[in-house]
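Chains as they are written, first to last, in this note's numbering: chain A, 111 to 245; chain B, 369 to 902.
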């Protein structure tokens, strides 16, 4: 599947990732966690529909050398960001920094008395009385 | 066309919320029911909510927007002249497969908009008339909520206790108390404990791509299995291209196209349209004939007109501490009816409902931001520390907002696609501006260190498709009567959101289910006097 992304486009994509996902504010750089390598391959396996827009974006970037040219093409900009961010936020190092566990099961106890009833915080709303309009 | 026609006493078109409710009620009363659904049965094993890459798939195969999904079962919708992105799903269960299950009743005043504010339309029925059917719908769907909200009249208890409101809901409640504003724990069609064959919610927070836990209410779970057990027949992959009529102007059934492209005819004594606020108008306009040259049951000229989409504003707010912001349900944690009642002194009429929700996973969060160091700073500072507040606005029925047939765009069977022509009214814009400003104040009171308001959020509006074949007593000013029966065709009914004369500002599925239940019960009661084709 990686053959669907020509090497020149992969290099341009890596250039986009350098600018869009730099190491900053405690977050790792996109290219340090494989976004332009395995990450890109994974994304286009999941979403082959974005490849045409993605390649348009990489070629706009290759020609201009800035993100502005890609941003001007709404669909291309969306595709390159989806590929870059989609790969980035599913990598374990990034999820670890964000303390993101993924969408895990968190069963509830429906019989537990909610705090808003136990501490009376909802009482204020009730004590103000009905607010619906009679007709 | 296949030569042998199928036959049924009642033909239902569309197997979503209203279609499921109708089929089960009719089948339970011994009526021979056949339903045609252009989509297929959802396969819960294919839902992606347990996958780490769920967000990457959420905006394509599992998008609520048919123009993104582009599945064969979908029809495209031309939105060149509509700022909203319509949301619907074509499958058994319809849009309840992907909905976020927020559930409310309309309030009594919502049924008297014209009388009270001089705008829109009064309903020909009252809240009190619909209340017993809300009770039934809430029991069937398995509502989780807290009784006693002073924003509504007292009603039957919810069948299940409320879901947890989390850190965000707790903080929101405290802030709203300080401001003296209404708030209440969320009411959701998501079971807080196992209920009628469904599992309890585990707050995975991926409701919007199909519940992988078999928990969230969807009529493919709540109604269709029982309907089929009671004898209802359901044909999937069946796209109806025309409701047929006889020389007397009675509906005689429909013609549908199967997935191999073959046409089939169904003969029925009664036809019920349950195709949503876009699909029903489209089918009626497609069903032109010598008897109905302007579209079926369209002597009023109102089929397709009065479309309401609930324009929606939003506020994202960030806080200094972790708020469990990806924990479900998704779903509303809490809501507010503080600004629901009409107050013309604000410069607009009618009102809004607010819902507070988690913000979802990191991809959707980041896609709403920029790039580079700003993105990294924003995500590092606000992810899992943010809330998403939605402002639902009452949309007024304006006849220039409408569904038409597109002259060029077609579905995969070559049938003309619907085109939406819609503008956000000045009243709606003022209403949203006022409410989004108040919502920012509430978020600041919650302790937000930053807020990102959006007065009209096109990604949120368009989830509610209403009003395009409205209900009323006057055949010149409405398409169906108080029972959902079309004024022009006495054996053609509409039970979906098309028949709302006004929209209220709450999520409409509860009312859609209640109207379908009420209409179906009336069909059963009146079946012996129902006029049918000979």
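Think of the CB as a built atom: it goes at the ideal place given N, C-alpha and C, for glycine as much as any other residue.
Note that the C-beta distance between residue 241 (chain A) and residue 553 (chain B) is not below 7 Å.
Going by beta carbons, residue 684 (chain B) and residue 756 (chain B) fall inside the 7 Å limit. When CB distances to chain A are screened at a threshold of 7 Å, the residues of the stretch 696-729 of chain B falling below it are 705, 709 and 729, in chain order. Residue 194 (chain A) places its beta carbon 7 Å or farther from that of residue 142 (chain A). Taking a contact as a CB-CB distance under 8 Å, the pair residue 465 (chain B) and residue 385 (chain B) does not count as one, their CB atoms being some 10 Å apart. Cα atoms of residue 390 (chain B) and residue 501 (chain B): separation of roughly 12 Å, rounded to the nearest angstrom.
By the CB criterion at 7 Å, residue 653 (chain B) and residue 834 (chain B) fall outside the cutoff. At a cut-off of 7 Å between beta-carbon atoms, residue 217 (chain A) makes contact with chain B. Using beta-carbon distances, residue 751 (chain B) counts as an interface residue toward chain A, with a partner under 7 Å. Under DSSP, the beta-bridge partners assigned to residue 786 (chain B) are B:773.
Counting only Cβ-Cβ distances below 8 Å, residue 214 (chain A) has contacts in chain B at 572, in chain order. The Cβ atoms of residue 531 (chain B) and residue 555 (chain B) do not sit closer than 7 Å to each other.
Taking 7 Å as the cut-off, the Cβ atoms of residue 649 (chain B) and residue 674 (chain B) do not count as close. Rounded to the nearest whole angstrom, the C-alpha separation of residue 588 (chain B) and residue 459 (chain B) is 9 Å. The alpha helix (DSSP H) runs of length 4 or more contained entirely in the stretch 536-598 of chain B are, from start to end of the chain, 587-590 and 592-597. At a cut-off of 7 Å between beta-carbon atoms, residue 145 (chain A) makes no contact with chain B. With respect to chain B, the C-beta atom of residue 129 (chain A) has a partner C-beta closer than 7 Å. Cβ proximity to chain B below 7 Å picks out 134, 135, 136, 137, 153, 156, 157 and 159 from the stretch 133-164 of chain A. DSSP, reduced to helix, strand and coil, places residue 428 (chain B) outside both helices and strands of the structure shown, so it counts as coil. In this structure, the straight-line span from the alpha carbon of residue 470 (chain B) to that of residue 436 (chain B) is close to 23 Å. Contact between the stretch 440-460 of chain B and the stretch 855-872 of chain B is absent: fewer than three C-beta pairs spanning the two stretches fall below 8 Å. Of the residues assessed, residue 150 (chain A) falls on the buried side of the cut-off, its CB having 16 or more other CB atoms within 10 angstroms. Residue 230 (chain A) counts as exposed, since fewer than 16 other C-beta atoms from the protein chains shown sit within 10 angstroms of its C-beta. Between residue 399 (chain B) and residue 641 (chain B), the C-beta spacing is not below 7 Å. Distance from the CA of residue 196 (chain A) to the CA of residue 463 (chain B), rounded to the nearest whole angstrom, comes to 26 Å. Our two residues, residue 735 (chain B) and residue 706 (chain B), have alpha carbons roughly 31 Å apart in a direct line.
Closest option to residue 769 (chain B), judged by alpha-carbon separation, among B:806, B:798, B:837 and B:560: B:837. The C-beta distance from residue 146 (chain A) to residue 182 (chain A) rounds to 22 Å, too long to fall under 8 Å, and the pair is not in contact. Non-local beta-carbon contacts of residue 561 (chain B) in its own chain, meaning distances under 7 Å to residues more than five positions away in sequence, involve 528 and 568 in chain order. In the DSSP annotation of this structure, the continuous segment of the alpha helix (DSSP H) that includes residue 884 (chain B) starts and ends at 877-893. Rounded to whole angstroms, residue 474 (chain B) and residue 521 (chain B) show a C-alpha spacing of 11 Å. Here the alpha carbons of residue 540 (chain B) and residue 815 (chain B) stand approximately 9 Å from one another. Close partners of residue 420 (chain B) in chain A (Cβ separation under 8 Å): 200 and 212. Counting of Cβ neighbours within 10 angstroms places residue 214 (chain A) among the exposed residues, the total staying below 16.
Under the Cβ criterion of 7 Å, residue 168 (chain A) is not counted among the residues facing chain B. With respect to the C-alpha of residue 751 (chain B), the residue from A:165, A:139 and A:206 having the closest C-alpha is A:206.
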